[in-house]
Amino acid sequence: MPTYRDEVVVLRTHKLGEADRIVTMLSRRHGKLRAVAKGVRRTSSRFGARLEPFMVADVQLYQGRSLDIVQQAESLGSYGADIAAHYDRYTSAHAMVEAADRLNEAEATPQQYLLLVGGLRALSRGEHAARSVLDSYLLRAMALSGWAPGLGECARCGRTGPHDTFVAQQGGIVCRDCAPVGAARVDASTVSLLQSLMAGEWDAVDAASPGSSAAASGLIAAYAQWHLERGIRSLSHVSTALQEGTR
Ligand SMILES: [Zn+2]
1 MPTYRDEVVV
11 LRTHKLGEAD
21 RIVTMLSRRH
31 GKLRAVAKGV
41 RRTSSRFGAR
51 LEPFMVADVQ
61 LYQGRSLDIV
71 QQAESLGSYG
81 ADIAAHYDRY
91 TSAHAMVEAA
101 DRLNEAEATP
111 QQYLLLVGGL
121 RALSRGEHAA
131 RSVLDSYLLR
141 AMALSGWAPG
151 LGECARCGRT
161 GPHDTFVAQQ
171 GGIVCRDCAP
181 VGAARVDAST
191 VSLLQSLMAG
201 EWDAVDAASP
211 GSSAAASGLI
221 AAYAQWHLER
231 GIRSLSHVST
241 ALQEGTR
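Those letters in the sequence shown? Residues 1 to 247, per the numbering used here, in order.
Written as structure tokens, this is what we have:
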């Protein structure tokens with residue numbers, strides 16, 4: 001039987017015909033998957049609600065000729081309700097699944113799956129600011145794909161830091177000799193926050209000032225936009241004064 005099982009996070013869905021949906025998922029072992037969920041838009045559907053964005057599920061799929069077919073779906077984590085009830089969590093989750101959707105086949109590793117599940121779980125629990133969960137997720141997802149921004153020595157010439165300019169196009173923190181004229185200066189506290197977000201040092205992240213948090217978010221958004229080619233549209237809906245805190 002050409003069937004297989006895997007654990008998945010639903011990234012997005014779109015309508016197919018009268019009652020079906022195409023579901024795009026990041027799976028633990030099979031990379032990114034697109035599959036048809038038949039009859040899912042009928043109220044009588046057995047697994048409709050388990051195949052909504054941000055849901056984590058154990059699914060069984062049947063290998064179709066073009067698209068695979070979802071045969072079963074068991075919920076492993078319903079973070080959707082806790083996320084959807086808060087606008088900041090919802091917009092952050094949306095940006096996270098959109099970033100995950102940008103991963104190519106080689107990048108869609110089990111580590112990316114686990115990172116996304118962990119990020120959605122953290123959002124649903126509300127233990128940290130939603131924007132910080134998103135920022136940490138973006139930094140670590142890019143790092144897993146080999147695009148970690150330089151946050152210590154100059155990302156361009158390698159000169160030992162600390163440095164105080166951040167240029168997304170040059171790979172992160174750069175020295176003043178490498179930075180183009182007019183590059184934004186970054187506070188030491190913001191650089192330190194970026195390092196904490198990357199390392200998952202939540203005590204330091206949670207204690208950061210609103211100014212540093214906003215500045216770090218702006219830099220991470222710029223860096224993610226630059227590296228994720230087409231940009232992450234959802235980032236524009238995440239509300240914070242992005243430039244506040246940069247000089
Ligand atoms: Zn340099």
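Even for Gly, the Cβ is constructed at its ideal location relative to N, Cα and C.
- For D68, the closest C-alpha among the options R41, T24 and L144 is that of T24.
- DSSP places Y90 inside the alpha helix (DSSP H), whose first and last residues are Y87 to D101.
- Listed in chain order, the non-local C-beta contacts of L116 below 8 Å within the same chain comprise V9, L26, M96, V97, A100, Y137 and A141, local neighbours out to five positions each way being set aside.
- Judged by DSSP secondary structure, S192 falls within the alpha helix (DSSP H) whose first and last residues are A188 to A199.
- Note: I69 is bridge-paired with V36 and Y62 in the DSSP secondary-structure output.
- Between E74 and D58 the beta-carbon gap is near 5 Å, inside 8 Å, which marks them as a contact.
- The stretch 173-187 makes contact with the stretch 138-157; the number of CB pairs closer than 8 Å reaches 3 or more.
- If you ignore the 5 residues before and after L194, its C-beta comes within less than 6 Å of the C-beta of L151 and A216, all in its own chain and listed in chain order.
- With respect to Q60, T3 sits close: the two C-beta atoms are nearer than 9 Å.
- A148 sits away from K32, with the two beta carbons spaced by 9 Å or more.
- Taken atom to atom, the span from the alpha-carbon of H163 to that of S192 is near 11 Å.
- Between ligand 1 and the CB of D177, the shortest heavy atom gap is smaller than 8 Å.
- With respect to H86, G126 sits close: the two C-beta atoms are nearer than 9 Å.
- I22 and A35 have their alpha carbons spaced roughly 6 Å apart.
- Distances from the alpha-carbon of A188 to those of W202, G161 and M198 put G161 closest.
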